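Worksheet for the structure shown next.
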Amino acid sequence: MGSGDRQYLTGLKVGGERILILVDVSASMMDDSVVNVIRLRNMPESRRTSAAKWRRTVATVDWLTSQLPAKAKFQAYAFNTQPRALVAGSEGKWLDAGDANALSETLRELRRTVPGEGTSLENAFKAALALSPKPDNIILVTDGLRPRAIAAGGPQDHRRRGTSQAVREGDRQAAAGVPVNVILLPMEGDPLAPGAFWTLARRTNGALLSPARDWP
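In the numbering used here, the protein residues as written are 36 to 251.
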């Protein structure tokens, strides 16, 4: 263990009384390459859920849930353009981290989820701040900066918008006093993402981890 409740190897704060895990389930979570994402998007659902990057995402959430303090509360939302609770019917509620059934259902539903559509960080964080009481730790698992809609300005404009959105969300969470820890599984051709998510984590007193392909 590191100092306090941060993990020595990762720097992530997995502790807290109310821990929210936000998992990006957009189409880009299937692969690091845009070309391969487009190919996978047109394949059967079984092929999409078995994509290597998606399996890494599920394994990451599995690792996170195993690190939750047994006496804590937790919630896990999947999000693309809209967020949803992975445990059906638990929207806006906190679950017991010591409840094995709730943890198992979280992972079962994530494994059944087929990655698709775009990404809206704004809607994900709106759902986070709608929880009452608010979380005291957010762990975000994502891969880049693509906003929800395709704008007229082209890919470079999309990334700029995504960067601004990530920074704005950092300011909002900092104002709310909620640390954001980011696990980034980056996409090729998205060089602005690490800096933007580092800024989000830094402004909220969280940490940024961009893990190796064989982690966890």
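Think of the CB as a built atom: it goes at the ideal place given N, C-alpha and C, for glycine as much as any other residue. Quantities reported herein were computed from a predicted structural model and do not represent experimental measurements.
Handout entry: For residue 37, three-class secondary structure by DSSP
Key = In this prediction, residue 37 scores a pLDDT of 42, lower than 50, which makes its location untrustworthy; the coordinate-derived value is nonetheless stated afterwards. Residue state, collapsed to three classes: coil.
Practice task
For residue 127, count neighbouring Cβ atoms within 10 angstroms of its own Cβ and tell me buried if that reaches 16, exposed if not.
Solution key: exposed
Exercise for the section: Output yes or no for whether 9 Å exceeds the beta carbon distance between residue 111 and residue 56. Expected result: yes
Practice task
Check the DSSP bridge columns for residue 263 and list the partner residues they point to.
Solution key: The chain is shown from 36 up to 251; residue 263 falls before or after that span and cannot be answered.
Problem - Reduced DSSP category for residue 229 - H, G, I as helix; E, B as strand; rest coil - result: helix
Problem - Endpoints, the beta strand (DSSP E) within which residue 216 is located - result: 215-219 is the extent of the beta strand (DSSP E) around residue 216.
Exercise for the section: Identify, in the order they occur along the chain, each residue of the same chain with its Cβ nearer than 7 Å to the Cβ of residue 118, setting aside the five sequence neighbours on each side. Expected result: 112, 158, 159, 162
Practice task
Name, in chain order, the residues that DSSP records as bridge partners for residue 119.
Solution key: 113
Problem - Option nearest residue 264 by Cα separation, candidates 68, 114, 251, 107 - result: Shown here, the chain extends from 36 to 251; a query on residue 264 therefore has no answer.
Exercise for the section: Could you name the residues of the same chain whose beta carbon sits closer than 7 Å to that of residue 148, not counting the 5 residues immediately before and after it, in chain order? Expected result: 60, 113
Practice task
To the nearest angstrom, report how far apart residue 47 and residue 77 are at their CA atoms.
Solution key: 35 Å
Practice task
Kindly indicate the opening and closing residues of the beta strand (DSSP E) around residue 172.
Solution key: In the DSSP assignment, residue 172 falls within the beta strand (DSSP E) that extends over 172-177.
Practice task
Could you say which of 166, 245, 133 lies nearest to residue 233 if we only look at CA atoms?
Solution key: 245
Problem - Separation of residue 229 from residue 102, as counted between CA atoms - result: 24 Å
Practice task
Enumerate in chain order the residues of its own chain whose CB-to-CB distance from residue 251 is below 7 Å, with the five nearest sequence positions on each side excluded.
Solution key: 94, 95, 98
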